[in-house]
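These protein sequences, in sequence, are chains A and B. Note that the numbering used here has the first sequence beginning at 687, numbered continuously upward. Note that the numbering used here has the second sequence beginning at 687, numbered continuously upward. What follows is a single structure, written as structure tokens, with notes after it.
Number of protein chains: 2
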Amino acid sequence: MLSNSRAAYRAHNHQRCIDAAMSRAHERCAERRARLTPIREAVLALIWQSHRPLGAYAIADKLPPVNGKKVQAPSIYRAIDFLLELGLIHRLPSQNSYIGCPFPGNEHSDVFMVCRGCGSAAEVSADALNQIIADTSQRSGFLLESQCVELTGLCLACRDGELP
Amino acid sequence: MLSNSRAAYRAHNHQRCIDAAMSRAHERCAERRARLTPIREAVLALIWQSHRPLGAYAIADKLPPVNGKKVQAPSIYRAIDFLLELGLIHRLPSQNSYIGCPFPGNEHSDVFMVCRGCGSAAEVSADALNQIIADTSQRSGFLLESQCVELTGLCLACRDGELP
DNA sequence: AAATAGATGAAATATTGTAACAAAATTGCC
DNA sequence: GGCAATTTTGTTACAATATTTCATCTATTT
């Protein structure tokens with residue numbers, strides 16, 4: 687079972703998450719002969735600033751201006767599309783936001799646990815779960831192409847420390 | 687396993703789906719002492735016109751005018767919120783759309799199979815899947831409160847008849 | 001009938017996402 | 001290096017989705 691829930695929900699050296707993510711991104715772009723341009727890299731880095739998913743306009747607001755001008759929505763969305771395409775980030779449809787993928791390249795399916803306390807989201811890829819999903823589809827004659835699983839609740843830390 | 691995939695993806699007497707849904711809605715409102723007002727009823731009936739999820743503005747466009755005036759967005763969203771609250775409809779976040787729940791009241795979890803061919807969506811509630819999701823959460827110390835599973839692919843009919 | 005709570009109307013606005021075309025940068029090739 | 005082709009970004013405008021606010025109306029209770 688792949689999971690980044692420990693890192694996502696606990697105090698940790700987050701710089702290592704960022705460094706690892708950026709390094710994987712460079713690798714992956716090299717493999718695919720895709721260009722990790724400054725905007726794309728900046729957007730990815732911003733998304734990895736925390737384990738909280740970020741919306742497109744939040745990214746636009748936080749992104750440092752280029753030549754004194756704010757980077758506009760279309761550029762942000764283009765960067766997002768590029769990063770999605772390469773599997774470097776995922777979209778969380780329920781909140782129109784984007785989060786870094788901790789294991790791009792690995793064959794995996796998207797399962798997210800989103801904590802309503804701290805807002806952080808962890809990604810999990812469990813074979814057992816994927817298998818059941820595949821079975822369930824098949825039993826209905828449904829040809830599964832992609833999936834999105836969003837679980838909402840409270841992470842360990844927020845359970846202990848916080849809101850009932 | 688609860689599922690409406692047969693009805694959703696095949697030729698069937700859809701009037702029966704509608705009648706059943708509206709009758710369940712009346713029951714459920716009676717139980718909860720909630721009022722199924724004309725707008726709410728009309729929105730629910732519109733959503734049940736097919737097994738294809740419908741967006742809020744599509745509902746606004748199709749809803750017959752009241753006193754010659756088009757029903758405005760806030761009214762639609764208020765009706766949607768009401769119906770969501772009572773579990774009579776679900777939201778499909780990946781496409782900002784809404785679909786009728788075939789088994790409101792029954793304890794179940796939201797799993798949808800959305801066909802990219804015909805656009806129809808079926809709802810399934812499989813114990814095995816729910817169990818695994820619960821397990822997966824627990825193993826990460828995550829207190830699961832709600833879930834949303836959207837599977838995308840091709841239904842049986844579209845697989846046979848259509849696009850590769 | 002008056003008071004209250006719940007529901008809807010109306011106007012404006014916020015948020016998220018796209019289309020279309022121009023300008024600039026990069027790449028591949030000679 | 002110089003040129004053409006391609007990719008990326010800038011810019012403007014706009015579409016689609018959703019919410020806020022306050023006024024008005026309706027139903028229910030007393």
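Don't be surprised by glycine CBs; every beta carbon is placed ideally from N, CA and C.
A Cβ of chain B is located within less than 8 Å of the beta carbon of A:PRO779. Contact between A:GLY741 and A:SER783 holds, since their C-beta atoms are separated by about 5 Å, short of 8 Å. In this structure, the alpha-carbon of B:ALA843 lies about 14 Å from that of A:ARG825.
The region 712-759 of chain B is shown to contain no whole beta strand (DSSP E) run of 3 or more residues.
In the DSSP assignment, A:ARG777 falls within the beta strand (DSSP E) that extends over 775-778.
Remark: fewer than three beta-carbon pairs, one from each stretch, lie closer than 8 Å, so the region 775-795 of chain B and the region 784-793 of chain A are not flagged as touching.
DSSP places B:GLN824 inside the alpha helix (DSSP H), whose first and last residues are 813-825. Against chain B, the CB of A:GLY786 has no partner CB under 8 Å away; the residue lies outside that interface.
Not flagged as an interface residue toward chain A: B:ARG738, since no C-beta distance is shorter than 8 Å. Under the DSSP definition of a beta bridge, A:PHE798 partners with A:GLU809, A:GLU836.
For A:GLU793, the three-state secondary structure derived from DSSP is coil. Per DSSP, B:GLY803 is not a residue of any alpha helix (DSSP H), being assigned neither H nor E.
Put simply, the backbone Cα of A:ILE775 is about 12 Å away from that of A:ARG710. Taking a cut-off of 8 Å on C-beta distances, the region 796-815 of chain B touches the region 728-740 of chain B, as three or more cross pairs fall below it. DSSP, reduced to helix, strand and coil, places B:LEU769 within a helical segment of the structure shown. Taking the Cα positions, B:LEU778 is about 13 Å away from B:SER795.
If you compare the alpha carbons of B:TYR695, B:VAL797, B:GLY773 with that of B:ARG718, the shortest gap goes to B:GLY773. Looking from the CA of B:VAL729, the closest CA among B:GLN781, B:ARG764, B:ALA693 belongs to B:ARG764. Close to chain A, meaning a Cβ-Cβ distance shorter than 8 Å, is no residue of the region 699-710 of chain B at all.
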